[in-house]
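In the numbering used here, the protein residues as written are 0 to 286.
The C-beta atom is built at its ideal place from N, Cα and C for all residues, glycine as well.
Source: prediction; values computed, not measured.
Below: the structure, in structure tokens.
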Ligand SMILES: C[S@@+](CC[C@H](N)C(=O)[O-])C[C@H]1O[C@@H](n2cnc3c(N)ncnc32)[C@H](O)[C@@H]1O
């Protein structure tokens, strides 16, 4: 089968689910992954005949895409901050907003501290993207990352091994296992988190592909209180964030002011920041 015929199959079979440009993008992504052809090279290879095994791989990918499965889960990997990360159904697929959070964190830490051996804690680490990127930028930092999900931590450890970063991963229910257990009775210089922040009432607004394929544990607050993680983090920052320590949080765009208020009393400076789309998306605090 020719690649041009596969391209037509993509358009015909996925047109009910995706826009024309999205299908074009998906086709390019799979050509890159299966055939190692970038967008420019692709144009010159459309009339090439594919091997049977490659034709089968494309057909299987189309079948999976038709179920609404995110392409990153089909490939088993994604790009984040210019790096490759493994993903599966147990972890949130990293979002561009979290790249913005990391960019903010890296810049602020670099600008405002000369200390090298900083202690960093990431709460709700998922695939481990946050601690791994931070460890790459701050190799002398002692980085701890926790998650309630052992399955998510398996992927985080796999990513950490792949990137050769030494991170202390802990399986822990952040909301119910209190912070003062032997493992975590620490004071950190940086606390960072992208916790579950979708409230139950927002459930109908979330796309089916997200709800159907990504872990509910990663998306939704476990109670009717969408800010439950932020309240706990605000409380824990009192004793477990160092004086002058940094706080970086990704937040629910609809709850910017309410989230900010949780941190105003115990921080010398705390700011609500917008993402590239102009939505309230991040909290940056300095204790
Ligand atoms: C929004 S995802 C963020 C994942 C990753 N940090 C990222 O930015 O892509 C939230 C993560 O919090 C974890 N989580 C949910 N409830 C938790 C709890 N009670 N204690 C610790 N982690 C929890 C989920 O398993 C999930 O990996």
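For residue 81 and residue 238, the gap between their C-alpha atoms comes out near 35 Å.
Residue nearest to residue 163 within the set 173, 151, 135, 94 is 135 (criterion: CA-CA distance). Between residue 255 and residue 268, the gap from beta carbon to beta carbon reaches 8 Å or more.
In the three-state reduction of the DSSP assignment, residue 279 falls in the strand class, which pools E and B. In this structure residue 109 is exposed. Its beta-carbon is surrounded by fewer than 16 other beta-carbon atoms within 10 angstroms.
Assignment of residue 105 by DSSP, reduced to helix, strand and coil, places it in the helix class. The DSSP assignment places 207-212, 215-218, 227-239 as complete runs of the alpha helix (DSSP H) inside the stretch 185-261, in order along the chain (cut-off: 4 residues).
Distance from the CA atom of residue 66 to the CA atom of residue 50, rounded to whole angstroms, is 25 Å.
Cβ contact annotation for residue 209 (same chain, cutoff 6 Å, sequence separation greater than five): none.
Of the other Cβ atoms in all chains shown, 16 or more fall within 10 Å of the Cβ of residue 90; this residue is therefore buried. In the three-state reduction of the DSSP assignment, residue 113 falls in the coil class, being assigned neither a helical nor a strand state. Take residue 272, set aside five residues on each side of it, and the residues of its chain with a beta-carbon closer than 8 Å to its own are 103, 279, 280, 281, 282, 283, in chain order.
Contact between residue 100 and residue 247 is confirmed by a C-beta separation of about 6 Å, below the 8 Å threshold. Taking C-alpha positions only, residue 7 is separated from residue 20 by approximately 13 Å. The stretch 2-76 contains, as complete alpha helix (DSSP H) runs of 4+ residues, the segments 2-13, 19-34, 38-44, 51-65, 70-74 (chain order). By the C-beta criterion, the stretch 133-153 is judged not to be in contact with the stretch 55-70, since fewer than 3 inter-stretch pairs fall below 8 Å. Residue pairing for residue 167: DSSP places it in a beta bridge opposite 143. The nearest non-hydrogen atom of ligand 1 is 7 Å or more from the C-beta of residue 95.
Around residue 84, the same chain offers 76, 77, 93, 126, 128, 158 as residues with beta carbons nearer than 7 Å, after the five sequence neighbours per side are excluded. In the three-state reduction of the DSSP assignment, residue 285 falls in the strand class. In this structure, 95 is the residue among 29, 87, 266, 95 with its C-alpha nearest to the C-alpha of residue 79.
For residue 236 and residue 225, the gap between their C-alpha atoms comes out near 19 Å. About 11 Å separates the beta carbon of residue 265 from that of residue 232, a gap too long to meet the 8 Å contact definition. Linking residue 14 to residue 219 through their CA atoms gives a straight-line distance of about 30 Å. Non-local C-beta neighbours of residue 178 in its own chain, meaning closer than 8 Å and more than five positions away in sequence, comprise 184, 235, 238, 239, ordered along the chain.
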